[in-house]
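Colleague: One structure, pasted below without further comment.
2 protein chains.
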Amino acid sequence: MRRTKDEARRTRQRVLKAARAVFARQGVARTSLEQVARAAGVTRGAVYWHFRNKADLFFQMREQVSLPLLDRIELALSPALQRNALADVERMLVTLFSDIDRSAAARAAISIMNYRCEYVGEFARELRGQSERTASYIDRLTRAYRRAADAGLLRPGTRPDLAALESCAFTIGLLRMKLMPGGARLLGGRQRQLIAAHVAGLRARRA
Amino acid sequence: MRRTKDEARRTRQRVLKAARAVFARQGVARTSLEQVARAAGVTRGAVYWHFRNKADLFFQMREQVSLPLLDRIELALSPALQRNALADVERMLVTLFSDIDRSAAARAAISIMNYRCEYVGEFARELRGQSERTASYIDRLTRAYRRAADAGLLRPGTRPDLAALESCAFTIGLLRMKLMPGGARLLGGRQRQLIAAHVAGLRARRA
DNA sequence: GAATATACATTCGTTCGTGTATGTCAATTG
DNA sequence: CAATTGACATACACGAACGAATGTATATTC
């Protein structure tokens with residue numbers, strides 16, 4: 003019973019969604035493609051038709067949710083805005099984390115990448131990708147903080163490169179804390195203030 | 003050929019060390035106890051004698067390296083010192099990360115816990131433990147920053163609870179960055195300055 | 001110095017997951 | 001409207017890996 007092109011696209015999406023759910027619950031390694039298939043209402047044959055293997059499925063699952071988020075980060079830090087670099091960084095962080103709060107799919111994917119996945123073997127290249135994206139993130143932040151420094155917005159003595167590294171570590175660490183079991187309780191609704199406090203530590207104090 | 007009590011203790015250590023190495027290279031899930039045994043120069047029988055299963059081996063492997071580090075953190079943040087809370091935090095972070103730089107075993111274990119392990123099934127309780135340790139770390143930091151605030155060391159308007167959350171996220175994120183492939187390159191020998199910059203963001207500016 | 005417990009080594013049966021190969025049937029295509 | 005191909009389902013072969021069971025020989029214990 004051959005499906006139409008659009009039906010195929012939808013089954014593919016169903017498999018991706020099922021993979022997110024099952025990976026998040028059982029971990030990537032402990033999940034068989036049979037389980038993903040069952041959760042998607044298809045057989046392993048269908049999964050192997052759309053994806054070469056588990057690693058391929060994993061990559062595409064991640065891209066589906068991470069690409070939009072990364073795009074928004076890049077956009078928010080693009081020099082085009084040029085208004086107030088520090089405020090831009092703060093707004094970027096606030097929207098990033100509230101985007102995540104609003105999207106269960108994003109939370110599941112980030113949780114998988116933080117706690118439910120071993121970056122080994124064919125998954126090692128994913129880690130190299132993360133490394134590159136981190137470097138790029140640091141680069142954007144560095145430029146933003148340099149602009150801030152040029153505009154006299156940065157606290158005197160603050161090195162843009164170090165501030166960028168700090169914000170990067172802050173972002174990664176906050177993500178990891180947030181996705182921990184009980185991580186929401188640790189933050190306790192102070193997410194926005196926390197971000198504000200982080201940026202405040204970089205800001206020049208008005209005389 | 004029954005071994006003496008001391009020989010048994012040494013084989014146990016060899017298994018723990020081998021587990022660290024193999025877990026770090028292949029990931030926990032993709033490592034069979036047969037591989038650990040071979041790397042330790044024993045058979046699976048020996049491994050199963052000293053440890054109930056893979057999870058048990060994992061927990062004890064982690065404890066062996068994390069307990070000393072956690073002890074030093076706790077000690078460095080204990081109110082007993084009472085000298086300069088901000089300097090205490092900075093010194094604690096510097097020693098923590100230079101301890102890690104000096105210990106290949108610590109790096110391997112932290113790398114495993116960040117990138118080579120899925121916190122699922124019997125490993126889920128490890129994640130709950132991490133959550134508790136994180137909460138405790140935040141608590142220590144909060145107290146330290148409160149003392150700093152009382153001494154007028156904290157930048158005015160800085161809330162100790164938010165500062166503690168920020169330092170916690172910073173620590174977790176920096177650890178994760180550091181253990182990434184090429185993470186050392188990202189930091190580029192600026193580790194100490196980075197920590198100093200982080201604490202500087204919390205410090206009151208002298209008039 | 002027998003008895004027992006310790007510290008392993010070896011063997012075994014069973015389960016599980018993967019990748020591929022093959023079957024099937026309907027949408028397209030020319 | 002035959003031929004082909006796309007989108008799966010089903011079947012098969014293969015190799016782990018686990019846990020338990022059993023074997024064994026030597027330290028300890030009494």
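From first to last, the protein sequence lines are chains A and B. Okay, so the first sequence: first residue is 3 according to the numbering used here, each after it adds one. Okay, so the second sequence: first residue is 3 according to the numbering used here, each after it adds one. No residue lacks a Cβ here, since even glycine has one placed at the ideal position from N, Cα and C.
Using a Cβ-Cβ cutoff of less than 7 Å, which residues in the same chain neighbour A/I140 once the five nearest sequence positions on both sides are dropped?
Modeller: Start at 1 with the first residue of the first sequence, and residue 140 of chain A comes out as number 138. Cβ within range, chain order: A166, L167, C170.
Colleague: Cα separation between A/R74 and A/L98?
Modeller: If you number the first sequence from 1, residue 74 of chain A lands on position 72. If you number the first sequence from 1, residue 98 of chain A lands on position 96. For A/R74 and A/L98, the distance between alpha carbons rounds to 8 Å.
Colleague: Rounded to the nearest angstrom, how far is the Cβ of A/Q62 from that of A/F53, given a contact under 8 Å?
Modeller: Within the first sequence, residue 62 of chain A is the residue found at index 60, counting from 1. Within the first sequence, residue 53 of chain A is the residue found at index 51, counting from 1. With 8 Å as the limit, A/Q62 and A/F53 qualify as a contact, their Cβ atoms being about 7 Å apart.
Colleague: For A/E205, which beta-bridge partners are listed by DSSP?
Modeller: Here residue 205 of chain A refers to the residue found at position 203 of the first sequence. Note that residue 205 of chain A is Arg in the sequence shown, not Glu. The partner list for A/R205 (beta bridge, DSSP) reads A/L156.
Colleague: Leaving out five residues on either side along the sequence, give the residues of the same chain with a beta carbon under 8 Å from the beta carbon of B/A186.
Modeller: One-based indexing of the second sequence puts residue 186 of chain B at position 184. Answer for B/A186: K180, listed in chain order.
Colleague: Residues in the same chain with beta-carbon distance under 7 Å from A/M94, minus the five sequence neighbours each way, listed in chain order, please.
Modeller: Here residue 94 of chain A refers to the residue found at position 92 when the first sequence is read from its first residue. Cβ neighbours of A/M94 beyond the five flanking positions: I75, A78, L79.
Colleague: Indicate the three-state DSSP secondary structure (helix, strand or coil) for A/R5 in the structure shown.
Modeller: Against the first sequence, residue 5 of chain A aligns to sequence position 3. Here A/R5 sits in coil by DSSP.
Colleague: Which residues of chain B have a Cβ atom closer than 7 Å to the Cβ of A/S34, listed in chain order?
Modeller: Position 32 of the first sequence, counted from the first residue, corresponds to residue 34 of chain A. Those within 7 Å of A/S34 in chain B number zero; the least Cβ separation is about 12 Å.
Colleague: DSSP three-state label for B/R118, please.
Modeller: Here residue 118 of chain B corresponds to residue number 116 of the second sequence, with the count starting at 1. Reduced to three states, the DSSP call for B/R118 is strand.
Colleague: Can you pull the chain A neighbours of B/F172, defined as C-beta to C-beta under 8 Å?
Modeller: Mapped onto the second sequence, residue 172 of chain B falls at position 170. Those within 8 Å of B/F172 in chain A are E168, A171, F172, G175.
Colleague: Quick one, are the C-beta atoms of B/F25 and B/R118 less than 8 Å apart?
Modeller: Position 23 of the second sequence, counted from the first residue, corresponds to residue 25 of chain B. Position 116 of the second sequence, counted from the first residue, corresponds to residue 118 of chain B. Result yes, Cβ atoms of B/F25 and B/R118 sit closer than 8 Å.
Colleague: Mind listing the chain B neighbours of A/T160? Cutoff is C-beta to C-beta under 9 Å, in chain order.
Modeller: For the purposes of this step, residue 160 of chain A is taken as residue 158 along the first sequence, with counting starting at 1. Those are A199, A202, G203, listed as they occur along chain B.
Colleague: One question on the structure: do B/V30 and A/Q28 come within less than 8 Å of each other, judged by their Cβ atoms?
Modeller: Along the second sequence, read from residue 1 onward, the residue named residue 30 of chain B stands at position 28. Along the first sequence, read from residue 1 onward, the residue named residue 28 of chain A stands at position 26. For B/V30 and A/Q28, no; Cβs fall outside 8 Å.
Colleague: What residues from the stretch 126 to 141 of chain A come within 9 Å of chain B, judged by C-beta to C-beta, listed N to C?
Modeller: Answer in chain order: A126, L129, R130, Q132, S133, E134, T136, A137, I140.
Colleague: Within 10 Å of its beta-carbon, does A/G203 have 16 or more other beta-carbons around it, so buried, or fewer, so exposed?
Modeller: Looking up residue 203 of chain A in the first sequence gives position 201. Result: buried.
Colleague: Which same chain residues end up closer than 7 Å to A/E220 when comparing Cβ atoms and leaving out the 5 residues on each side of it in sequence?
Modeller: Because residue 220 of chain A is not part of the residues shown, which for chain A are 3 to 209, the question remains open.
Colleague: Out of A/A10, A/A21, A/R4, A/E9, point me to the one whose CA is closest to A/A107's CA.
Modeller: Reading the first sequence from its first residue, position 105 is the one you call residue 107 of chain A. Ranking A/A10, A/A21, A/R4, A/E9 by Cα distance to A/A107 puts A/A21 first.
Colleague: Could you list which residues in chain B have their beta carbon closer than 9 Å to that of A/V38, in chain order?
Modeller: The residue given as residue 38 of chain A occupies position 36 in the first sequence. What A/V38 touches in chain B: nothing, since even the nearest Cβ is about 15 Å away.
Colleague: With respect to the alpha helix (DSSP H) encompassing A/T173, which residues constitute its N-terminal and C-terminal limits?
Modeller: Position 171 of the first sequence, counted from the first residue, corresponds to residue 173 of chain A. Counting along the chain, the alpha helix (DSSP H) containing A/T173 begins and ends at 162 to 180.
Colleague: Run the proximity test for B/S105: is its beta-carbon closer than 7 Å to any non-hydrogen atom belonging to the ligand FAD?
Modeller: This structure lacks the ligand FAD, and indeed carries no ligand of any kind.
Colleague: Can you pull the chain A neighbours of B/L196, defined as C-beta to C-beta under 7 Å?
Modeller: For the purposes of this step, residue 196 of chain B is taken as residue 194 along the second sequence, with counting starting at 1. Here the neighbours are L164, L167, E168.
Colleague: Do you know offhand how far A/V17's Cα is from A/R5's?
Modeller: As a first step, residue 17 of chain A must be located in the first sequence, where it is residue number 15. As a first step, residue 5 of chain A must be located in the first sequence, where it is residue number 3. If I take the Cα positions, the gap works out to 15 Å.
Colleague: Against B/A31, what residues of chain A qualify as contacts under a CB-to-CB distance less than 9 Å, listed in chain order?
Modeller: Counted from its first residue, the second sequence places residue 31 of chain B at position 29. Within chain A, the residues near B/A31 are G29, V30, A31, R32, E120, V122.
Colleague: Output yes or no for whether 8 Å exceeds the beta carbon distance between B/A151 and B/P162.
Modeller: On the second sequence, position 149 is the one that residue 151 of chain B refers to. On the second sequence, position 160 is the one that residue 162 of chain B refers to. Contact: yes.
Colleague: What is the DSSP secondary structure of B/A31, counted as helix, strand or coil?
Modeller: Taking the second sequence and counting its residues from 1, one reaches residue 31 of chain B at position 29. DSSP places B/A31 in coil when its eight states are reduced to three.
Colleague: Taking the alpha-carbon of A/R127 as reference, which of A/A57, A/A10, A/A48, A/A42 has the nearest alpha-carbon?
Modeller: Position 125 of the first sequence holds residue 127 of chain A. Minimum Cα distance to A/R127 is reached at A/A57.
Colleague: Span of the alpha helix (DSSP H) holding A/L188?
Modeller: As a working mapping, residue 188 of chain A is identified with position 186 in the first sequence. It spans 185 to 189 - the alpha helix (DSSP H) in which A/L188 sits, taken as one unbroken run.
Colleague: So, helix, strand or coil for B/S105, using DSSP?
Modeller: Looking up residue 105 of chain B in the second sequence gives position 103. In this structure, B/S105 counts as coil in the three-state DSSP scheme.
Colleague: Could you please give the first and the last residue of the uninterrupted alpha helix (DSSP H) stretch that includes B/R74?
Modeller: To locate residue 74 of chain B, count along the second sequence from 1; it is residue 72. Residues 56 to 79.
Colleague: Using a Cβ cut-off of 7 Å, pull out every chain A residue sitting near B/M63, in sequence order please.
Modeller: The sequence position of residue 63 of chain B within the second sequence is 61, counting from 1. Residues of chain A passing the Cβ test: none, with the nearest at roughly 15 Å.
Colleague: Only counting the same chain, and skipping five residues up and downstream in sequence, which positions put a Cβ closer than 8 Å to that of B/R135?
Modeller: Within the second sequence, residue 135 of chain B is the residue found at index 133, counting from 1. Hits under 8 Å: L72.
Colleague: Assign A/A82 to buried or exposed, taking buried as 16 or more other Cβ atoms, counted over all protein chains shown, within 10 Å of its Cβ.
Modeller: Locating residue 82 of chain A in the first sequence gives position 80, counting from the first residue. The residue is exposed, with fewer than 16 neighbouring Cβ atoms inside 10 Å.
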